[in-house]
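Presented below is the structure to which this report refers.
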Amino acid sequence: MAEDRARRPAFLLLAVSGGLVLGALAFQVFGGLTPCRMCHWQRWAHLGVIGLAALALLGPRLLPAALAAMTASAGLAAFHVGVEQRWWDGPGCAAPLTPGDDLLGSLITAPIARCDQIPWSFLGLSMAAWNLVFSIVALAGAIILWRRAWTSTA
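Quick note on numbering: the sequence shown equals residues 0 to 153 in numbering that gives the first Met the number 0.
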């Protein structure tokens, strides 16, 4: 029973990061939103959380690494929100080119996704802001669950 409690934070991180990556892919594939460079950074961070949380299910001592990855993901989301709000400058952002024979044609037809523009929002929050909210809530929830599991076994 105590071992199941120790796995709950990893399950939470796995579920939230998995949901955020799948949601981002759905917006890209079905919604036609082209991700910017910083969007890709956030996806990679969540993929790291997924991998580390999956490993933490096997060995709960690896949970701090998953928590650190979720912290990094939240940090990237916060940075992206700041770029969107023009609180600071971000990297030059454009969609990655697809490899092909016609480089000039790819350059001309490649969709441009700027990190400082908000292509979609809900309740006044951009996708990066929602990523930040979900990441912070998941991080806080996982820390609370981890602490409860740790104190119940001590």
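Each residue gets a CB set at the ideal place from its N, CA and C atoms; glycine is no exception.
Counting C-beta atoms within 10 angstroms of its own C-beta, A25 has fewer than 16 neighbours from the protein chains shown and is therefore classed as exposed. Partner residues in the beta bridge of F121, as assigned by DSSP, are L124.
One thing to note: A44 has its Cβ no nearer than 8 Å to the Cβ of A64.
Here R4 carries a helix assignment [DSSP, helix/strand/coil]. According to the DSSP assignment, L61 belongs to no alpha helix (DSSP H), since it is labelled neither H nor E. Only residues of its own chain outside the window of five on either side were considered, and among them S16, Q41, A44, H45, G47, V48, N130 and S134 have a CB closer than 8 Å to the CB of S72, listed in chain order. In this structure, DSSP gives W40 a helical state, which the three-state scheme calls helix. With contacts defined as CB atoms closer than 8 Å, E83 and A127 qualify as a contacting pair. Rounded to whole angstroms, W145 and L66 show a C-alpha spacing of 10 Å. Here L19 has H45, N130 and F133 as same chain residues with Cβ atoms under 7 Å from its own Cβ, once five neighbours each way along the sequence are excluded. With a threshold of 16 other beta carbon atoms within 10 Å, F121 falls short and is exposed.
Excluding its 5 nearest sequence neighbours in each direction, L21 has no C-beta neighbour in its own chain below 8 Å. When DSSP states are grouped into helix, strand and coil, T150 belongs to the helix group. Out of L12, D88 and G30, the CA that lies nearest to the CA of A52 is found in L12.
By the C-beta density criterion, A14 is exposed, having fewer than 16 other C-beta atoms within 10 angstroms.
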